[in-house]
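Single-structure report; data block below.
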Amino acid sequence: MDLSAANHRIPLSDGNSIPIIGLGTYSDPKLTMKGACAASVKAAIDVGYRHIDGAYLYQNEHEVGEAIRQKIAEGKVRREDIFYCGKLWATKQEPEMVRPTLEKTLQVLQLDYVDLYIIETPMALKPGDEPYPKDENGKWLYHKSNLCATWEALEACKDAGLVKSLGVSNFNRRQLELILNKPGLKYKPVSNQVECHPYFTQPKLLKFCQEHDITIIAYSPLGTSRNPSWVNLSSPPLLKDAYLNSLRKKYTKTAAQIALRFNIQRGVAVIPKSFNPERIKENFQVFDFSLTEEEMKNIEGLNRNVRFVEMLMWSDHPEYPFHDEY
Ligand SMILES: NC(=O)c1ccc[n+]([C@@H]2O[C@H](COP(=O)([O-])OP(=O)(O)OC[C@H]3O[C@@H](n4cnc5c(N)ncnc54)[C@H](OP(=O)(O)O)[C@@H]3O)[C@@H](O)[C@H]2O)c1
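The following block contains the structure:
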């Protein structure tokens, strides 16, 4: 893949394309100052990011919209230059909820369409406005969804012009095949957003997705924020890895830049989150060097097959995706 090509984009199977680096925007609302997300999205657009990854669930989608609209008003970018990915949460998978939920996101963003809308997780929770529904004993309230019916409702949203491309997130091979083999499928998922970085390289899922023209979008590409409330900390910090750091001198690049370059060089889009202007810039400066084949192999060899984002609290959900090998 020629990464020096215009804007560093990956073509999607539906004819659209996705900028290979996006800004992640999930930040624990309890630990994040108001306005930090908007400031970061503006800083990112200023240094060249054109892809923003967000979700209604993150509680800062209004700030993402504000930042994008401000940059358009300033004449820095046009709407069509920006690629925004939004997400359909687990409590909104009932087909009749899909369009109103996407419309809510558009209303919050104050935009007319999103570029990509993805099913955030295959695990449905009790439909409603409570994002994390539990019963009076603290037990999770699961829901039996029909992912194919959810998908058809998403297809209707694309036909209505509310979204350009459709994808999924945290789907395993079986769940992808469920959609791919759906009778009467109108639009294939263009992407699957999953955890992916040098300690969790996803070789089998990546191969399967490449064979089916599904782009992998790597979440937690720097190894997460290591927030113990949702991150499995049994794996050591990725950015302290000795091998990644051993390449610092040769390239004058940080371990974070090496980790991002590893994924983009094999055609995987990355969505590093940073709300720090220096690191936002740093994470975008990965187009002026390339790793050798041997270095790519060595980084592939760092794979530990241990997820940082295990979502074990839902491990007895019938659609828990991570019991399968991939
Ligand atoms: N679909 C899903 O289920 C799902 C799950 C998880 C995440 N996501 C998406 O993926 C995005 C990224 O994943 P993530 O937020 O889990 O983790 P990440 O991008 O791997 O790491 C973010 C952490 O790394 C720090 N950081 C950023 N750049 C750095 C650098 N150059 N050097 C050192 N530290 C750096 C950030 O702190 P500072 O902000 O202080 O720089 C933050 O603590 C999320 O924001 C979200 O948009 C999706």
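Count along the sequence shown from 1, add 54, and you get the number used in the working numbering.
Glycine residues also receive a C-beta, built at the ideal position from the N, C-alpha and C atoms.
None of the values given here were measured: they were computed from a predicted structure.
Check, Outcome
"Run through the DSSP bridge pairs and tell me what residue 246 is partnered with.", "222, 270"
"With 16 other CB atoms within 10 Å as the buried threshold, where does residue 366 fall?", "exposed"
"Looking only at its own chain, which residues have a Cβ that is under 7 Å from the Cβ of residue 228, when we skip the five neighbours before and after it?", "378"
"Would you identify the three-state DSSP class for residue 137, choosing helix, strand or coil?", "strand"
"Is it the case that the CB of residue 299 approaches a heavy atom of ligand 1 more closely than 7 Å?", "no"
"Taking all protein chains shown into account, decide if residue 119 is buried (16 or more other Cβ within 10 angstroms of its Cβ) or exposed.", "buried"
"For residue 63, report the span of its beta strand (DSSP E) as first-last.", "63 to 65"
"I'd like to confirm something about residue 253: is its beta-carbon nearer than 7 Å to some heavy atom of ligand 1, or not?", "no"
"One question on the structure: do residue 152 and residue 208 come within less than 8 Å of each other, judged by their Cβ atoms?", "yes"
"Secondary structure at residue 58, three-state DSSP: helix, strand or coil?", "Only weak support exists for where residue 58 lies, its pLDDT of 44 falling under 50; the value from the coordinates is given anyway. Three-state DSSP puts residue 58 in coil, outside helix and strand."
"Inspect the beta-carbon positions of residue 155 and residue 142 and report whether they are closer than 8 Å.", "yes"
"Does any heavy atom of ligand 1 sit closer than 7 Å to the C-beta of residue 383?", "The structure shown does not extend to residue 383, since the chain is modelled only from 55 through 380, so no value can be given for it."
"Residue 332: buried (16+ other C-beta within 10 angstroms of its C-beta) or exposed?", "exposed"
"Is residue 279 a contact residue of ligand 1, with contact defined as CB to any heavy atom under 7 Å?", "yes"
"Leaving aside the five residues before and after residue 96 along the sequence, list all residues of the same chain whose C-beta is less than 7 Å from its C-beta, in chain order.", "121, 124, 125"
"Just to confirm the assignment, what range does the beta strand (DSSP E) spanning residue 107 have?", "105 to 107"
"Just list the residues that DSSP pairs residue 301 with in beta bridges.", "Partner(s): none; residue 301 has no beta bridge."
"Which residue from 292, 179, 205 puts its Cα closest to that of residue 372?", "179"
"How about residue 345 and residue 316: are their beta carbons less than 8 Å apart?", "yes"
"Can you tell me which residues form a DSSP beta bridge with residue 324?", "75, 272"
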